[in-house]
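Protein chains in written order, with my numbering: chain C, 1 to 114; chain L, 115 to 264.
Don't be surprised by glycine CBs; every beta carbon is placed ideally from N, CA and C.
Worksheet: one structure, shown below.
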Amino acid sequence: MSSALKIVSRMTDKAAVIELHGDVDSSGDVAVKQAYRDAVSSGVSTVLFNMAKTAYINTSGISVLIAVVMEAKKAGHKILVSGVSPHYKKVFDLVRFSTYVTMFDTEEAALAAP
Amino acid sequence: MANRTVELKIPCETGYEKVAMRMASDLAEKMGFSQERAQDLEIAVAEACINAMEHGNQFDVSTKIYVTMTIHEDRLAIDVVDEGRSGRPSTQVEAPDMQAQIDGLIPPGGMGLFVIKSLVDEAEFVEPDLGTGNQFRMVIHLQQPGQPGA
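As structure tokens, this is what we get:
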């Protein structure tokens with residue numbers, strides 16, 4: 001009964017942006033990883049996950065993101081995350097996931113950062 | 115005043131934990147807990163339900179997860195009960211080794227119980243009321259010792 005995850009991907013001058021709409025849990029594993037792979041196949045080295053429209057994420061969903069970060073690290077790609085609610089940022093901080101990605105309040109802030 | 119209970123039976127399918135988590139946070143706010151505490155509980159209940167689905171019921175869709183919320187004068191207790199298809203998971207928990215997960219040395223995951231214990235005042239397995247299954251209890255207190263209210 002997950003609100004199906006909808007992924008919207010687009011390119012900007014600075015990074016590939018992957019918007020995660022709806023619920024991020026284990027059911028999104030394949031789709032999220034594929035979105036990342038598709039994004040970097042174009043040659044970009046920075047990927048921003050915009051979670052402003054992420055309604056719900058649990059630790060299974062965080063595990064999906066960890067797997068992406070793991071892949072990105074091996075390939076020398078950078079993962080940014082924006083739009084995480086304070087509610088879920090608390091969980092990201094608890095498990096120390098926020099230590100391994102660069103987090104921003106908004107997509108604009110992420111893309112403006114040096 | 116007698117305690118009030120709210121009982122919920124949800125399918126063993128991911129996604130349905132959202133019903134329990136929202137009910138728990140609604141009850142918490144109704145009792146006077148802050149929005150932050152209610153949101154903490156919401157996350158903890160979701161994780162507990164998923165643990166029950168995965169570890170207790172082995173994601174068997176023919177099974178159910180039973181969630182009982184008991185409103186006490188000074189606390190809210192949430193019991194999550196599975197049908198005990200596997201052994202009771204340990205409640206010993208360490209902080210997840212995120213570095214090892216990012217480095218691919220260990221598989222991502224295993225963070226649910228740590229998150230639960232970080233967000234609520236009490237979290238433990240208790241003797242199941244019905245004598246079967248695993249019963250996991252989470253409690254948040256309205257007043258915590260030394261702290262000015264919830």
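Check whether residue i and residue j have beta carbons under 8 Å apart
i, j, result
"C:Val47", "C:Ala67", "no"
"C:Ala52", "C:Ser82", "yes"
"C:Val24", "C:Val64", "yes"
"C:Ile57", "C:Val95", "no"
"C:Gly22", "C:Ala39", "no"
"L:Val240", "L:Leu155", "no"
"C:Ser26", "L:Thr128", "yes"
"L:Thr205", "L:Glu238", "yes"
"C:Leu20", "C:Thr54", "yes"
"C:Asn50", "C:Ile18", "yes"
"L:Val195", "L:Pro242", "yes"
"L:Val181", "L:Leu122", "yes"
"C:Tyr100", "L:Ile216", "yes"
"C:Ser9", "C:Ala35", "yes"
Option nearest residue i by Cα separation, candidates the options
i, options, result
"C:Phe92", "L:Ser232, L:Ile185, L:Asp188 and L:Thr184", "L:Ser232"
"L:Ala162", "C:Ala55, C:Glu71, C:Thr59 and C:Asn50", "C:Thr59"
"L:Gln126", "L:Lys132, L:Ile179 and L:Val195", "The displayed chain sequence assigns Cys, not Gln, to residue 126 of chain L. It is L:Ile179."
"L:Ala191", "L:Val133, L:Thr177, L:Ala142 and L:Asp174", "L:Ala142"
"C:Phe104", "C:Val84, C:Phe97 and C:Tyr88", "C:Val84"
"C:Arg37", "C:Glu71, C:Lys14, C:Val101 and C:Leu111", "C:Glu71"
"L:Asn117", "L:Ile185, L:Ser176, L:Asp140 and L:Phe173", "L:Ile185"
"L:Glu197", "L:Ser139, L:Gln153, L:Leu256 and L:Gly170", "L:Gly170"
Interface partners of residue i on chain L, CB under 9 Å
i, result
"C:Asp93", "Under the 9 Å cutoff, chain L gives no residues; its nearest Cβ is about 10 Å from C:Asp93."
Rounded distance between the beta-carbons of residue j and residue i, thought under 8 Å
i, j, result
"L:Arg189", "L:Ile254", "6 Å"
"L:Ala158", "L:Lys132", "Contact doesn't hold; Cβ gap of about 13 Å is too wide."
"L:Met145", "L:Met183", "L:Met145 to L:Met183, Cβ: 10 Å. No contact."
"L:Ser139", "L:Gln153", "6 Å"
Under 8 Å from the C-beta of residue i: neighbouring residues of chain C
i, result
"L:Val229", "Thr59, Val91, Leu94 and Val95"
"L:Glu161", "Asn58 and Thr59"
7 Å Cβ cut-off: residues of chain L touching residue i
i, result
"C:Asp25", "Thr128"
"C:Tyr56", "Lys132"
Listed by chain order, chain C residues near residue i by CB distance under 7 Å
i, result
"L:Ser232", "Leu94"
"L:Ile157", "Val91"
"L:Ile105", "Nothing about residue 105 of chain L can be read from this structure; chain L reaches only from 115 to 264."
Within chain L, the residues that residue i reaches when beta carbons sit closer than 8 Å
i, result
"C:Val69", "Ile216"
>> Measuring CB atoms only, is the region 140-152 of chain L touching the region 220-229 of chain L, in the sense that at least three cross pairs come out at less than 8 Å?
In response: The region 140-152 of chain L vs the region 220-229 of chain L: no contact.
> Are the region 166-178 of chain L and the region 247-260 of chain L touching by the rule of at least three beta carbon pairs closer than 8 Å?
Replying inline: Yes, they touch.
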